[in-house]
Amino acid sequence: LAKTTQPISMDSYEGQEVNITCSHNNIATNDYITWYQQFPSQGPRFIIQGYKTKVTNEVASLFIPADRKSSTLSLPRVSLSDTAVYYCLVGDNPGGGADGLTFGKGTHLIIQP
Amino acid sequence: DAGVTQSPTHLIKTRGQQVTLRCSPKSGHDTVSWYQQALGQGPQFIFQYYEEEERQRGNFPDRFSGHQFPNYSSELNVNALLLGDSALYLCASSLAYGTDFLAGNQPQHFGDGTRLSIL
Chain S
22 LAKTTQPISM
32 DSYEGQEVNI
42 TCSHNNIATN
52 DYITWYQQFP
62 SQGPRFIIQG
72 YKTKVTNEVA
82 SLFIPADRKS
92 STLSLPRVSL
102 SDTAVYYCLV
112 GDNPGGGADG
122 LTFGKGTHLI
132 IQP
Chain R
1182 DAGVTQSPTH
1192 LIKTRGQQVT
1202 LRCSPKSGHD
1212 TVSWYQQALG
1222 QGPQFIFQYY
1232 EEEERQRGNF
1242 PDRFSGHQFP
1252 NYSSELNVNA
1262 LLLGDSALYL
1272 CASSLAYGTD
1282 FLAGNQPQHF
1292 GDGTRLSIL
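Top line first, the protein sequences correspond to chains S and R.
Under this note's numbering, think of the first position of the first sequence as 22, with each following residue one higher.
Under this note's numbering, think of the first position of the second sequence as 1182, with each following residue one higher.
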């Protein structure tokens, strides 16, 4: 069963780079790592997904070490609008059940002026 | 390109009643999953539908049931409502089912949910 551990909360300032790390020690060989962003009263929004090494898109980068037991979401030059809860989701295959699809409590990121 | 839409946005029920929530997936998606999100918690997986059948199920009682229609839209039904069923109910669609879904190799697209309050 793949479970994830993230910091409960983080603070930063506008213009800074923010790195949020997620631990997933029991990740299975075929599992992907996906990060979502959620604002209050909205559904989660896909940010980025990866399997190994580094993935970059227009909003974020995802760093995955060789052992894949953790991953780091990097948000460059954050703004106030990046204040949200960030979830790391790891697949659960072949965990024998769907519990691994359940999100953890996420990281509440607060950006200050 | 229409995203995932859910209805209603808010709903108030009393204990013991039954409720039906509705979801239309993102255009081009054929798999629908339902999640329950209690206040301050992450979404908890309820079940997934593909080709009008329940394919995966999380740790939820039989009071939670669903349906998928030929046009890929879906309903979530909850019977004998309890106070603890108060939550935001999220629908997500994707192109993955089965082992691909469990591996998480396709991102899910979420609606903004239905806020269900039980009095």
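Each residue gets a CB set at the ideal place from its N, CA and C atoms; glycine is no exception.
Rounded to whole angstroms, the separation of the alpha carbons of residue 1200(R) and residue 128(S) is 32 Å. Interface criterion met: the Cβ of residue 124(S) is under 8 Å from a Cβ in chain R. Shortest Cα-Cα distance from residue 1184(R) to any of 1295(R), 1300(R), 1291(R) involves 1291(R). Taking a Cβ-Cβ threshold of 7 Å, none of the residues of chain S is close to residue 1248(R); the smallest such distance is about 19 Å.
Nearest CB-CB separation between residue 1293(R) and chain S: below the 8 Å threshold.
The DSSP-derived three-state label of residue 1279(R) is helix. DSSP links residue 110(S) through a beta bridge to 55(S). Judged by beta-carbon spacing, residue 94(S) lies within the 8 Å limit of residue 107(S), meaning their Cβ atoms are closer than that value. In the DSSP annotation of this structure, the continuous segment of the beta strand (DSSP E) that includes residue 32(S) starts and ends at 30-34. Annotation: residue 71(S) has no Cβ neighbours in chain R at a cutoff of 8 Å; minimum Cβ distance is about 10 Å.
For residue 1258(R), DSSP records a beta bridge to 1201(R), 1246(R). Of 44(S), 37(S), 35(S), the smallest CA-CA separation from residue 110(S) is found for 44(S).
When the beta-carbon positions are compared, residue 126(S) and residue 1218(R) stay at least 8 Å from each other. For residue 110(S), at least one C-beta of chain R is nearer than 8 Å to its own C-beta. Taking one beta carbon from each stretch, the stretch 1246-1258 of chain R and the stretch 1220-1236 of chain R have 3 or more pairs nearer than 8 Å; the two touch.
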